[in-house]
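Undergrad: Here this note's numbering = 1-based position in the sequence shown + 3.
Each residue gets a CB set at the ideal place from its N, CA and C atoms; glycine is no exception.
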Amino acid sequence: MRISERQFGAARVFDFQGPLVGSDARVTAEEALERHVQDARTGPELIVVNLARVADVDCDGMSVLGRTERVLRRKGGALRVALPADGRRPLMTRRIRTFFDSFDSVEDALADLRASMARGRQPAGGRIRRQLRRVTLLRDRFVGWLRCARDGRAD
Numbered sequence: 004m005r006i007s008e009r010q011f012g013a014a015r016v017f018d019f020q021g022p023l024v025g026s027d028a029r030v031t032a033e034e035a036l037e038r039h040v041q042d043a044r045t046g047p048e049l050i051v052v053n054l055a056r057v058a059d060v061d062c063d064g065m066s067v068l069g070r071t072e073r074v075l076r077r078k079g080g081a082l083r084v085a086l087p088a089d090g091r092r093p094l095m096t097r098r099i100r101t102f103f104d105s106f107d108s109v110e111d112a113l114a115d116l117r118a119s120m121a122r123g124r125q126p127a128g129g130r131i132r133r134q135l136r137r138v139t140l141l142r143d144r145f146v147g148w149l150r151c152a153r154d155g156r157a158d
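1) Please report how far the alpha carbon of Ile99 lies from the alpha carbon of Val146, in whole angstroms.
2) Would you decide whether Ser105 is buried or exposed? Buried here means 16 or more other CB atoms lie within 10 Å of its CB.
3) Less than 8 Å between the beta carbons of Leu23 and Val51, yes or no?
4) Output yes or no for whether 8 Å exceeds the beta carbon distance between Arg5 and Gly21.
5) Would you kindly check if the distance between the Cβ of Thr71 and the Cβ of Cys36 is under 8 Å?
6) Tell me the rounded alpha-carbon separation between Ala127 and Thr139.
7) Where Arg76 and Arg15 are concerned, what is the direct C-alpha to C-alpha distance, given to the nearest angstrom?
8) Find out if the Cβ-Cβ distance for the pair Thr101, Val60 is shorter than 8 Å.
9) Would you mind working out which of Ala13, Cys62 and Asp111 sits nearest Arg144, comparing C-alpha positions?
10) Along the chain, where does the alpha helix (DSSP H) that runs through Glu72 open and close?
11) Put Phe103 into one of helix, strand or coil per three-state DSSP.
12) Assuming Ala32 and Gly64 are in contact, meaning their beta carbons sit under 8 Å apart, how far apart are those beta carbons, in whole angstroms?
13) If you scan the stretch 5 to 38 from start to end, which runs of the beta strand (DSSP E) of 3 or more residues do you find wholly inside it?
14) Note down the Cα distance separating Arg9 from Arg150, rounded to an integer number of angstroms.
15) Beta-carbon separation of Phe19 and Leu113 under 8 Å?
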């Protein structure tokens with residue numbers, strides 16, 4: 004997993020490359036995102052995560068995005084996800100579109116952030132709390148299934 008950063012006005016774009024799978028990728032993503040969230044001093048934090056070059060995302064990757072979204076919302080900021088809508092992605096990666104405010108391109112995500120700020124509203128997604136509960140439930144089921152598979156039991 005490689006992450007590059009770039010600044011677009013008040014928003015920071017994180018370009019992720021490689022699979023967002025496993026603890027190593029989770030730690031790399033957490034460090035990059037948290038460093039920006041903690042270092043910012045003024046104004047709302049506006050982050051766009053570009054997943055165009057991410058082949059797969061697991062529950063660890065989803066939890067990083069969910070935690071970052073929650074922290075940003077508390078601080079008055081927002082997280083947007085850029086994920087092209089092609090059908091050749093694994094199921095968990097495609098489900099990101101239902102859990103987060105996602106757009107087909109970084110430019111569309113930045114335009115949405117600018118429009119939210121121009122209206123004087125806090126740029127926040129309306130679905131995140133409800134969907135985060137679903138992610139947690141899916142993660143718990145998946146972890147239980149992995150434990151059963153590892154132990155050789157059938158559920």
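TA: Short version:
1) 19 Å
2) buried
3) no
4) yes
5) It should be pointed out that residue 36 corresponds to Leu in this sequence rather than to Cys. In this structure, Thr71 lies closer than 8 Å to Leu36 by Cβ.
6) Confidence is the limiting factor: at Ala127 the pLDDT is only 47, short of 50, which leaves the residue's position unreliable, though a coordinate-based value still follows. So the alpha carbons of these two residues sit roughly 20 Å apart.
7) Using only the alpha carbons, I get a separation of about 15 Å.
8) no
9) Cys62
10) Cys62 to Arg77
11) Phe103 falls in the coil class under three-state DSSP.
12) Contact check for Ala32 and Gly64: beta-carbon distance about 7 Å, within the 8 Å limit, so the pair qualifies.
13) 5 to 11 and 14 to 20
14) 40 Å
15) No, these two residues do not count as a Cβ contact at 8 Å.
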